[in-house]
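The structure under discussion appears below in the form of C-alpha coordinates.
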Amino acid sequence: MPMRFAAIADIHGNHLALEAVLADIRAQGIADLVNLGDMLSGPLDARRTIEILMNLDAVHVLGNHDRYLLDRPPEKMGSWDRPAHAALNAVQLDWLRAQPMTRVFRDRVFLCHATPENDEVYWLDTVHPDGTVALSPLDRIEQFAQGITQSLILCAHTHLARTVRLRDGRLIVNPGSVGSPGYRDKHPFPHVVEAGTPHARYAILELVDAAWQVTFRHVVYDHEAMAALARRNNQPELANALATGWIK
1 MPMRFAAIAD IHGNHLALEA VLADIRAQGI ADLVNLGDML SGPLDARRTI EILMNLDAVH
61 VLGNHDRYLL DRPPEKMGSW DRPAHAALNA VQLDWLRAQP MTRVFRDRVF LCHATPENDE
121 VYWLDTVHPD GTVALSPLDR IEQFAQGITQ SLILCAHTHL ARTVRLRDGR LIVNPGSVGS
181 PGYRDKHPFP HVVEAGTPHA RYAILELVDA AWQVTFRHVV YDHEAMAALA RRNNQPELAN
241 ALATGWIK
(Lines of atoms letter the chains of each structure in order from A; the text may use other names.)
(Lines give C-alpha, C1' and ligand atoms only; values in the text may rest on other atoms or scores of the structure.)
Protein backbone atom coordinates (compact mmCIF):
# COMPACT_ATOMS: atom_id res chain seq x y z
CA MET A 1 0.00 0.00 0.00
CA PRO A 2 1.46 3.44 -0.90
CA MET A 3 2.36 5.67 2.02
CA ARG A 4 3.43 9.32 1.93
CA PHE A 5 4.10 11.67 4.81
CA ALA A 6 6.34 14.53 5.96
CA ALA A 7 8.91 14.58 8.76
CA ILE A 8 9.97 17.71 10.64
CA ALA A 9 12.44 18.18 13.48
CA ASP A 10 14.45 20.67 15.51
CA ILE A 11 12.10 23.64 15.24
CA HIS A 12 13.66 25.30 18.32
CA GLY A 13 10.93 27.90 18.74
CA ASN A 14 11.20 29.27 15.20
CA HIS A 15 7.52 29.71 14.47
CA LEU A 16 8.02 31.53 11.15
CA ALA A 17 10.09 28.63 9.79
CA LEU A 18 7.48 26.17 11.07
CA GLU A 19 4.63 28.07 9.43
CA ALA A 20 6.52 28.15 6.12
CA VAL A 21 7.26 24.42 6.26
CA LEU A 22 3.65 23.55 7.09
CA ALA A 23 2.47 25.65 4.16
CA ASP A 24 4.90 23.85 1.87
CA ILE A 25 3.75 20.47 3.16
CA ARG A 26 0.15 21.40 2.41
CA ALA A 27 1.18 22.59 -1.05
CA GLN A 28 2.66 19.12 -1.70
CA GLY A 29 -0.73 17.58 -0.91
CA ILE A 30 0.55 15.81 2.20
CA ALA A 31 -1.75 15.28 5.17
CA ASP A 32 0.33 13.07 7.48
CA LEU A 33 3.11 14.57 9.60
CA VAL A 34 5.61 13.36 12.19
CA ASN A 35 7.68 15.63 14.43
CA LEU A 36 10.98 14.36 15.82
CA GLY A 37 11.42 16.78 18.71
CA ASP A 38 13.43 19.74 20.00
CA MET A 39 10.38 21.83 19.36
CA LEU A 40 10.69 24.87 21.60
CA SER A 41 14.05 25.63 23.22
CA GLY A 42 15.80 28.68 21.89
CA PRO A 43 15.65 32.47 22.27
CA LEU A 44 12.81 32.82 19.76
CA ASP A 45 9.06 32.23 20.32
CA ALA A 46 8.29 29.01 22.18
CA ARG A 47 4.74 30.07 23.01
CA ARG A 48 3.68 30.67 19.41
CA THR A 49 5.45 27.50 18.28
CA ILE A 50 3.70 25.22 20.75
CA GLU A 51 0.34 26.80 19.95
CA ILE A 52 0.86 25.80 16.31
CA LEU A 53 2.02 22.29 17.22
CA MET A 54 -0.84 21.61 19.61
CA ASN A 55 -3.33 22.42 16.85
CA LEU A 56 -1.76 20.02 14.36
CA ASP A 57 -2.98 16.54 13.60
CA ALA A 58 0.55 15.15 13.90
CA VAL A 59 2.61 12.49 15.66
CA HIS A 60 5.29 13.84 18.03
CA VAL A 61 8.26 12.54 19.98
CA LEU A 62 10.33 14.43 22.53
CA GLY A 63 13.83 15.70 21.93
CA ASN A 64 16.51 16.25 24.55
CA HIS A 65 15.72 19.97 24.77
CA ASP A 66 12.02 19.15 25.25
CA ARG A 67 13.02 16.84 28.10
CA TYR A 68 15.14 19.59 29.65
CA LEU A 69 11.99 21.72 29.94
CA LEU A 70 10.37 18.97 32.03
CA ASP A 71 13.01 17.23 34.15
CA ARG A 72 14.81 20.10 35.89
CA PRO A 73 14.04 23.41 37.61
CA PRO A 74 14.50 26.63 35.61
CA GLU A 75 17.67 27.58 37.49
CA LYS A 76 19.29 24.37 36.21
CA MET A 77 18.27 24.94 32.58
CA GLY A 78 20.56 26.16 29.82
CA SER A 79 20.38 29.47 27.99
CA TRP A 80 18.14 28.03 25.25
CA ASP A 81 15.77 26.22 27.62
CA ARG A 82 15.16 28.79 30.34
CA PRO A 83 13.42 31.40 28.12
CA ALA A 84 11.35 28.70 26.43
CA HIS A 85 10.17 27.33 29.78
CA ALA A 86 9.26 30.81 30.98
CA ALA A 87 7.05 31.31 27.92
CA LEU A 88 4.98 28.15 28.45
CA ASN A 89 1.91 27.69 30.64
CA ALA A 90 0.91 24.59 32.62
CA VAL A 91 -1.39 23.23 29.92
CA GLN A 92 1.35 23.50 27.31
CA LEU A 93 3.90 21.81 29.58
CA ASP A 94 1.40 19.01 30.25
CA TRP A 95 0.95 18.53 26.49
CA LEU A 96 4.71 18.29 26.10
CA ARG A 97 4.94 15.86 29.02
CA ALA A 98 2.42 13.55 27.32
CA GLN A 99 4.66 13.00 24.29
CA PRO A 100 6.83 9.84 24.24
CA MET A 101 10.58 9.59 23.63
CA THR A 102 10.13 7.05 20.82
CA ARG A 103 7.20 5.62 18.92
CA VAL A 104 6.23 3.64 15.83
CA PHE A 105 4.23 5.37 13.10
CA ARG A 106 1.72 3.23 11.21
CA ASP A 107 3.65 0.05 12.03
CA ARG A 108 6.27 0.85 9.39
CA VAL A 109 8.34 3.74 10.72
CA PHE A 110 10.41 4.01 13.91
CA LEU A 111 10.67 7.53 15.34
CA CYS A 112 13.20 8.93 17.79
CA HIS A 113 15.04 12.19 18.32
CA ALA A 114 18.70 11.13 18.52
CA THR A 115 19.17 7.39 19.04
CA PRO A 116 16.62 4.88 20.34
CA GLU A 117 18.22 4.69 23.79
CA ASN A 118 19.78 8.14 24.25
CA ASP A 119 18.36 11.51 23.23
CA GLU A 120 21.78 13.24 23.36
CA VAL A 121 23.88 10.97 21.12
CA TYR A 122 24.46 11.69 17.43
CA TRP A 123 23.39 8.70 15.32
CA LEU A 124 24.43 9.36 11.74
CA ASP A 125 27.29 11.73 12.53
CA THR A 126 30.43 11.51 14.67
CA VAL A 127 32.33 14.39 16.27
CA HIS A 128 36.09 13.89 16.12
CA PRO A 129 38.52 15.33 18.73
CA ASP A 130 39.52 18.16 16.36
CA GLY A 131 35.88 19.27 16.14
CA THR A 132 35.22 17.82 12.70
CA VAL A 133 31.67 16.51 12.25
CA ALA A 134 31.48 13.67 9.72
CA LEU A 135 29.28 10.77 8.63
CA SER A 136 29.60 7.93 11.14
CA PRO A 137 31.01 4.53 10.14
CA LEU A 138 28.32 2.12 9.03
CA ASP A 139 29.15 -0.37 11.80
CA ARG A 140 28.44 2.30 14.44
CA ILE A 141 25.20 3.36 12.75
CA GLU A 142 24.00 -0.24 12.56
CA GLN A 143 24.74 -0.88 16.25
CA PHE A 144 22.15 1.71 17.25
CA ALA A 145 19.61 0.13 14.87
CA GLN A 146 19.74 -3.32 16.44
CA GLY A 147 16.31 -4.63 17.39
CA ILE A 148 14.37 -2.16 15.25
CA THR A 149 12.20 -4.09 12.79
CA GLN A 150 10.70 -1.19 10.84
CA SER A 151 12.08 -0.61 7.34
CA LEU A 152 12.29 3.17 7.84
CA ILE A 153 13.92 4.82 10.85
CA LEU A 154 13.71 8.57 11.44
CA CYS A 155 16.03 10.52 13.72
CA ALA A 156 17.08 14.15 14.15
CA HIS A 157 19.22 16.04 16.73
CA THR A 158 22.20 17.03 14.54
CA HIS A 159 20.19 19.44 12.35
CA LEU A 160 21.91 17.85 9.31
CA ALA A 161 19.79 16.25 6.60
CA ARG A 162 21.11 12.76 5.85
CA THR A 163 20.02 9.40 4.48
CA VAL A 164 21.86 6.16 5.27
CA ARG A 165 20.98 2.75 3.87
CA LEU A 166 21.86 -0.17 6.15
CA ARG A 167 23.24 -3.40 4.75
CA ASP A 168 19.92 -5.17 5.39
CA GLY A 169 18.05 -2.58 3.33
CA ARG A 170 16.58 -0.49 6.15
CA LEU A 171 16.79 3.28 5.67
CA ILE A 172 17.66 5.86 8.32
CA VAL A 173 16.72 9.48 7.58
CA ASN A 174 17.41 12.75 9.37
CA PRO A 175 15.15 15.44 7.85
CA GLY A 176 17.35 18.35 8.96
CA SER A 177 16.25 21.28 11.08
CA VAL A 178 13.15 23.39 10.53
CA GLY A 179 14.31 26.30 12.61
CA SER A 180 18.00 26.23 13.57
CA PRO A 181 20.52 25.98 10.70
CA GLY A 182 23.55 26.18 12.97
CA TYR A 183 24.73 25.75 16.55
CA ARG A 184 27.80 25.29 18.73
CA ASP A 185 28.18 22.42 21.22
CA LYS A 186 30.81 21.13 23.65
CA HIS A 187 30.02 17.40 23.67
CA PRO A 188 31.66 15.01 23.09
CA PHE A 189 34.21 17.56 21.82
CA PRO A 190 33.78 21.26 21.00
CA HIS A 191 32.28 21.54 17.52
CA VAL A 192 30.08 23.62 15.25
CA VAL A 193 27.23 22.41 13.05
CA GLU A 194 26.34 24.60 10.08
CA ALA A 195 23.75 23.90 7.37
CA GLY A 196 25.19 26.45 4.96
CA THR A 197 21.89 28.17 4.08
CA PRO A 198 19.19 29.80 6.22
CA HIS A 199 16.37 27.73 4.72
CA ALA A 200 13.87 25.76 6.79
CA ARG A 201 14.30 22.06 6.14
CA TYR A 202 12.11 18.96 6.24
CA ALA A 203 11.73 15.64 4.41
CA ILE A 204 9.02 13.86 2.45
CA LEU A 205 8.98 10.06 2.81
CA GLU A 206 7.11 7.90 0.33
CA LEU A 207 6.73 4.12 0.17
CA VAL A 208 6.43 3.02 -3.46
CA ASP A 209 6.58 -0.63 -4.52
CA ALA A 210 7.97 -1.62 -1.10
CA ALA A 211 10.85 0.89 -1.36
CA TRP A 212 11.21 4.16 0.53
CA GLN A 213 11.86 7.33 -1.44
CA VAL A 214 13.21 10.43 0.33
CA THR A 215 12.89 14.03 -0.80
CA PHE A 216 14.58 16.80 1.17
CA ARG A 217 12.87 20.19 0.98
CA HIS A 218 14.53 23.57 1.63
CA VAL A 219 11.92 26.27 2.25
CA VAL A 220 12.47 30.02 1.98
CA TYR A 221 10.93 32.09 4.80
CA ASP A 222 11.55 35.41 6.59
CA HIS A 223 14.74 34.22 8.28
CA GLU A 224 15.94 37.81 8.74
CA ALA A 225 13.04 38.47 11.12
CA MET A 226 14.04 35.49 13.27
CA ALA A 227 17.71 36.50 13.14
CA ALA A 228 16.73 39.94 14.40
CA LEU A 229 14.73 38.35 17.24
CA ALA A 230 17.71 36.19 18.25
CA ARG A 231 19.93 39.27 18.17
CA ARG A 232 17.52 41.19 20.42
CA ASN A 233 17.61 38.22 22.81
CA ASN A 234 21.42 38.35 23.03
CA GLN A 235 22.16 35.25 20.94
CA PRO A 236 24.49 36.61 18.23
CA GLU A 237 25.74 33.20 17.05
CA LEU A 238 22.23 31.89 16.52
CA ALA A 239 21.31 35.18 14.86
CA ASN A 240 24.13 34.71 12.38
CA ALA A 241 23.10 31.10 11.72
CA LEU A 242 19.50 32.16 11.13
CA ALA A 243 20.62 34.96 8.79
CA THR A 244 23.20 33.00 6.78
CA GLY A 245 23.27 29.28 7.65
CA TRP A 246 26.71 29.73 9.19
CA ILE A 247 27.75 30.31 12.81
CA LYS A 248 30.75 32.51 11.98
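Each residue of the sequence shown is one higher than the one before, counting from 1 in UniProt numbering. Beta carbons are placed, not taken as given, at the ideal position from N, Cα and C, and that holds for glycine.
Checklist entry - Between the stretch 43–60 and the stretch 8–17, do at least 3 Cβ pairs fall closer than 8 Å? => result These segments touch.
Item to check | C-beta atoms of residue 253 and residue 124 nearer than 8 Å | outcome: Because the chain in this structure spans residues 1 to 248, residue 253 falls outside the shown range and cannot be described.
Checklist entry - Assuming residue 174 and residue 156 make a contact with CB atoms under 8 Å, what is their CB distance in whole Å? => result With a contact defined as Cβ atoms closer than 8 Å, residue 174 and residue 156 qualify at about 6 Å.
Item to check | Burial state of residue 201 (16 or more Cβ within 10 Å) | outcome: Per the 10 Å Cβ criterion, buried.
Checklist entry - Would residue 64 pass as a contact of residue 7 if the rule is Cβ separation under 8 Å? => result One thing to note: residue 64 has its Cβ no nearer than 8 Å to the Cβ of residue 7.
Checklist entry - Helix, strand or coil: how does DSSP classify residue 184 here? => result Note: residue 184 maps to strand in three-state DSSP.
Item to check | Bridge partners - residue 158, DSSP secondary structure assignment | outcome: Per DSSP, residue 158 has no beta bridge partner at all.
Checklist entry - Based on the DSSP secondary-structure assignment, which residues constitute the bridge partners of residue 153? => result Beta-bridge pairing links residue 153 to 110, 172.
Checklist entry - For residue 201, which residues does DSSP report across the bridge? => result Its beta-bridge partners are 218.
Next on the checklist: Within a Cβ cutoff of 8 Å, which residues of the same chain sit near residue 119, ignoring the five residues on either side of it in sequence?
Outcome noted: Excluding residues within five positions, the ones whose Cβ falls inside 8 Å are 37, 62, 63, 64, 67, 101, 112, 113, 157.
Item to check | For residue 195 and residue 177, believed in contact at Cβ under 8 Å, the rounded distance | outcome: That belief holds up - the Cβ atoms of residue 177 and residue 195 are roughly 7 Å apart, short of 8 Å.
Item to check | Whole runs of the beta strand (DSSP E) within the stretch 32–99, excluding any shorter than 3 residues | outcome: Runs found: 33–35.
Next on the checklist: Please return the same chain residues whose Cβ sits closer than 6 Å to the Cβ of residue 183, not counting the five positions on each side in sequence.
Outcome noted: Around residue 183: 193.
Next on the checklist: Looking at the ligand FAD, does it come within less than 7 Å of residue 240, judged from the CB to the closest heavy atom?
Outcome noted: Within the structure as shown, the ligand FAD is missing, as the structure has no ligands at all.
Next on the checklist: According to DSSP, is residue 105 part of a helix, a strand, or is it coil?
Outcome noted: Residue 105 falls in the strand class under three-state DSSP.
Checklist entry - Excluding the five sequence neighbours on either side, which residues of its own chain have a C-beta within less than 6 Å of the C-beta of residue 32, listed in chain order? => result Cβ within range, chain order: 5.
Next on the checklist: Using DSSP's beta-bridge definition, name the partner residues of residue 3.
Outcome noted: Its beta-bridge partners are 207.
Checklist entry - So what's residue 12 in DSSP terms, helix, strand or just coil? => result Coil.
Checklist entry - What three-state label does DSSP hand residue 228 in the structure shown? => result It is helical.
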